[in-house]
Amino acid sequence: MSGSRQQALVEARKLVRTFGSAPDPRRRAQAVVSELRRAEGWPPAAQHEIAAADAWLKAAPAATALEPRLRALLALLS
Numbered sequence: 050m051s052g053s054r055q056q057a058l059v060e061a062r063k064l065v066r067t068f069g070s071a072p073d074p075r076r077r078a079q080a081v082v083s084e085l086r087r088a089e090g091w092p093p094a095a096q097h098e099i100a101a102a103d104a105w106l107k108a109a110p111a112a113t114a115l116e117p118r119l120r121a122l123l124a125l126l127s
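Residue 101 in my numbering sits at position 52 of the sequence shown; the count goes up by one each step and never skips.
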């Protein structure tokens, strides 16, 4: 189910806010990106950034790099 960009940002921020307590950081990171991808109406530049973050996650970056990258993505999309 797709939703609005604003709702996706709210949900993604909630997931990032509790990132430190997540039992599986990679799964949490993927949930953040999935939430953003499901939303409709992103401008092309935002779609590109979300897709780039998804590709970056698939490359298995260091777990310590996940939260800063997600926070940067959310800041860019806000």
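For every residue, glycine included, the Cβ atom is placed at its ideal position computed from N, Cα and C.
Is DSSP giving Arg62 helix, strand or coil here?
Three-state result, Arg62: helix.
With DSSP run on the structure shown, which of helix, strand or coil describes Ala88?
Ala88 sits in coil when the DSSP states are folded into three classes, being neither helix nor strand.
Specify, as a first and last residue, the run of the alpha helix (DSSP H) that Asp103 falls within.
93-107
Tell me whether Val59 is buried or exposed, calling it buried when 16 or more other Cβ atoms sit within 10 Å of its Cβ.
Counting Cβ neighbours within 10 Å, Val59 comes out exposed, since fewer than 16 surround it.
If you run the structure through DSSP and keep just helix, strand and coil, what is Ala124?
Collapsing the DSSP output to three states places Ala124 in a helix.
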